[in-house]
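Counting in UniProt numbering, the sequence shown runs from 1 upward without gaps.
A virtual CB, placed ideally from N, CA and C, is assigned to each residue, including glycine.
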Amino acid sequence: MKGKTCPFPSLLISKACKGTASISSQEQACIESLTSNRHTAYASTVFELAKVALNLAMEKAECTMILIGSPKKPCLKSCAENYKDSVVEGLKKAEWSMAKGDLDATDDELSLARDAADYCHMVLSVDPDDARSPVFSANRDVYNHITYAMSAADLL
């Protein structure tokens, strides 16, 4: 039986994950996530890695927004509004800022988007049923991927 080998992260990914992800105690998770995605694993420049990591966070945020849907429950409704107004919008603004080369604005927008995802985590943590929901884990994944995008953007 053949043993499964883990892909070795590129020097670029290793270096990127030593930024914000490392400070957030997510360095290893950052490396695993960015190495397992074919787009980030083959990024050849810092800008390309940061852009792809941000796009990945955006995809996950949009999927989470769809997963939340149009709920009636107040905490989920709050999360849905938060995703539309703060998480997804913040990631779009970060993308625009990055394209313009405004790294301070990029960092600010990523921080705001991550704070908004963290707010959803806090709201969903109150009720044990919500804490076991697919929305809860999808939101945590979004939070983590925003952190990875921030970490890659730290190199710009």
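Confirm, please, whether the CB-CB distance from residue j to residue i is below 9 Å.
| i | j | result |
| --- | --- | --- |
| SER151 | LYS18 | yes |
| TYR143 | ASN82 | no |
| ILE23 | THR40 | no |
| ASP107 | ALA153 | yes |
| LEU124 | LEU91 | no |
| THR64 | ASP127 | no |
| HIS145 | SER33 | yes |
| ALA94 | ALA113 | yes |
| ALA116 | SER86 | yes |
So what's residue i in DSSP terms, helix, strand or just coil?
| i | result |
| --- | --- |
| SER14 | helix |
| THR45 | coil |
| THR20 | helix |
| LEU56 | helix |
| ASP108 | helix |
| LEU124 | helix |
| LEU156 | coil |
Check for me: the alpha helix (DSSP H) holding residue i runs from which residue to which?
| i | result |
| --- | --- |
| SER33 | 27-36 |
| ALA152 | 134-153 |
| PRO128 | 128-131 |
Any chance the CB of residue i is under 8 Å from a heavy atom of the ligand MG?
| i | result |
| --- | --- |
| ILE13 | Of ligands this structure carries none, so the ligand MG is not represented either. |
Which full runs of the alpha helix (DSSP H) of 4+ residues lie inside the region 69-104, going along the chain?
Counting whole runs of 4 or more residues, the region 69-104 contains the alpha helix (DSSP H) stretches 74-82 and 89-100.
Can you find at least 3 beta carbon pairs, one from the region 61-73 and one from the region 128-135, that sit closer than 8 Å?
yes
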